[in-house]
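Here the sequence shown stands for residues 1 to 371, where the numbers follow full-length UniProt numbering.
Just so you know, even glycine gets a beta-carbon here, dropped at the ideal spot from N, CA and C.
Nothing here was measured: the structure is a model prediction, and the numbers come from that model.
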Amino acid sequence: MNLSAWTQLTNSTVNLLDQYSVPYPLVFLVFVLGSILISKATPNFVRFVLNRTFSGQVNRLYEDFVEPLKKEFRVAGSFILTYFSLAWLENNPGLYKFIQPFITLGLTISLSWLCSRLFRQLVRIYGISIVRKVGIEVDDFILIIETVVNVLIGFFAVVAFAQSQKIPLTALLAGVSIGATAVAFAAKSTLEQLLGTIVLYLDRPFIAGEYIRLPDGLYGRVESIGLRSTKIRTAAKSTLFIMPNNTLANLGIENVTRGKKVMVLLYLDFTRYLQEREQALVQQVVKESTDSLFGIDPGSTSIVLLNDENSHQNTRARVTFFILGSNENSIQLRKRLLELANQKVTKKLMEFGIEFTLQEPNIYVESPVTI
1 MNLSAWTQLT NSTVNLLDQY SVPYPLVFLV FVLGSILISK ATPNFVRFVL
51 NRTFSGQVNR LYEDFVEPLK KEFRVAGSFI LTYFSLAWLE NNPGLYKFIQ
101 PFITLGLTIS LSWLCSRLFR QLVRIYGISI VRKVGIEVDD FILIIETVVN
151 VLIGFFAVVA FAQSQKIPLT ALLAGVSIGA TAVAFAAKST LEQLLGTIVL
201 YLDRPFIAGE YIRLPDGLYG RVESIGLRST KIRTAAKSTL FIMPNNTLAN
251 LGIENVTRGK KVMVLLYLDF TRYLQEREQA LVQQVVKEST DSLFGIDPGS
301 TSIVLLNDEN SHQNTRARVT FFILGSNENS IQLRKRLLEL ANQKVTKKLM
351 EFGIEFTLQE PNIYVESPVT I
C-alpha cells in the first residue's frame, strides 16, 4: 500500500467516524488496545525487515539480536504504535496535552532500553571476537564500555524527550546549577551521604543479601541500602550495624558472597581412539587455551582422558576448570569468552587431524562460598 492509498483510507475512516459521531477518545482507546495486540508481532516484523535487508544472514541476525530481546521489541513496538495513535486526540487539545507526555516518555524509555540491550548483544557476539583478533586482552574493561554507552544512551534519551516537550535545556541546567549550589552550602553533610549512596548504587560493591567484611573486622549480611545509610546484620551477635553510605564508599570492602567460583565441566568426544602422543597434544592445547582466558582460575584446569580399552574405537576427554567473577554480568562475559576458546581449541586440533564433538550443553556448577 502506497502513501496516497493510506491517506485515502485514513480520510475515509475519519469521514465514516464523523458520520456516526464516534468520539475520537474512544477510537484512541481502541487503537491503544490494538497496538498492544499487534506489538506481539514486532519480532516477526523485524525478521521481515532483516530478510529484505540481509537476505543471506537473516536467521543468524534474528537468533543473535531479536530472539533474546523479544520482550523489549514488543514493548517498544507497542509504544511506537500508541504514539502514532495520538493523532486521534489532536481534535481534543486538553486530553492530548495531558496524555502525550506520558506516551512520549514511555516511548523514549522503551527505545533507550532496547538500544542498550542491542548494544550489549553486539559487544558480546561480535565485539569480543574483534578485540581478540587485534591482540588486545578482553577483561572487565568491556563492561565499563557498556556502562559508558548506556550513560550516553540515557543522556541522548533525556535530550530527545526534552526537545519533544519543548523544554529549554539551557535554562533548566542553569536553574539546576544555581539551586544545587545553594543546597550544597545548606546541607553539605547530607549531600555527602547522598553522593555516597549514588556511588554505591553505580559501583555496586555489594547488594542487599550479600555478606561483607569491613577493614575494622566487622562481618555481616547487608540487610538494606538506604538513601543515607546501609544496615548490616552482624554474623556473631545478630545486632544491626548502621553505617553512613559516604563512609562505606571510601572503605575497602571485602565481599565474601562474590568470592565464589563457577566450575565448568566439558566433555569432548573424539571421533577415534587417540594414541599417547595425540593425548598429550590434546592436554597441552586445551590447557593453554583455558589458562590464557581472562577470568579463568590459573592452574585450575584438569583434563582426564577416558579411553575405550576394549574396542579402541574412541576417546573422551573430561575438562574441568573454574570461572572467577564478581557478579552475574562478568560471569556471562567469561562464558562468552569460553565459547571463543572452544572454537580456538577446535581449530588447533583440526590442524593436527584430530576431530571431536563438544557435548552440549556445558555444565556450570557454583562452588559453595567459604565463610
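| Check | Outcome |
| --- | --- |
| Buried or exposed: which applies to residue 372, given that a residue is buried once 16 or more other Cβ atoms fall within 10 Å of its Cβ? | Here the chain comprises residues numbered 1 to 371, so residue 372 is not present and cannot be evaluated. |
| Please return the same chain residues whose Cβ sits closer than 8 Å to the Cβ of LEU122, not counting the five positions on each side in sequence. | PHE65 |
| If you reduce the DSSP assignment to three classes, tell me which class ARG60 lands in. | helix |
| Compute the Euclidean distance between the alpha carbons of THR7 and ARG60, then round it to the nearest angstrom. | Here THR7 scores only 47 on pLDDT, less than 50, and its place in the model should not be relied on; the value that follows carries that caveat. About 37 Å. |
| CB-CB under 7 Å to MET1, same chain, minus the five flanking residues each way: which ones, in chain order? | In this prediction, MET1 has a pLDDT of 44, which is less than 50 and means its spatial position is unreliable; what the coordinates show is noted afterwards. Excluding residues within five positions, none has a Cβ falling inside 7 Å. |
| Taking the beta strand (DSSP E) that ILE242 falls in, what are its first and last residues? | 240-244 |
| Quick check on the burial criterion: 16 or more other C-beta atoms within 10 angstroms. Buried or exposed for residue 372? | With the chain covering only 1 through 371, there is no way to say anything about residue 372. |
| Could you give the distance in angstroms between the alpha-carbon of TYR211 and the alpha-carbon of VAL262? | 18 Å |
| Measure the C-alpha to C-alpha separation of LEU50 and TRP88 and round it to an integer number of angstroms. | 31 Å |
| Any idea which residues DSSP pairs TYR219 with across the strands? | ARG213 |
| Whole angstroms are fine: how far does the CA of ILE167 sit from the CA of PRO101? | 12 Å |
| Under 7 Å between the Cβ atoms of ASN245 and SER229? | yes |
| Go to ILE109, then tell me how far its alpha helix (DSSP H) extends in each direction, as first and last residue. | 93-122 |
| From what residue to what residue does the alpha helix (DSSP H) around LYS70 run? | 70-85 |
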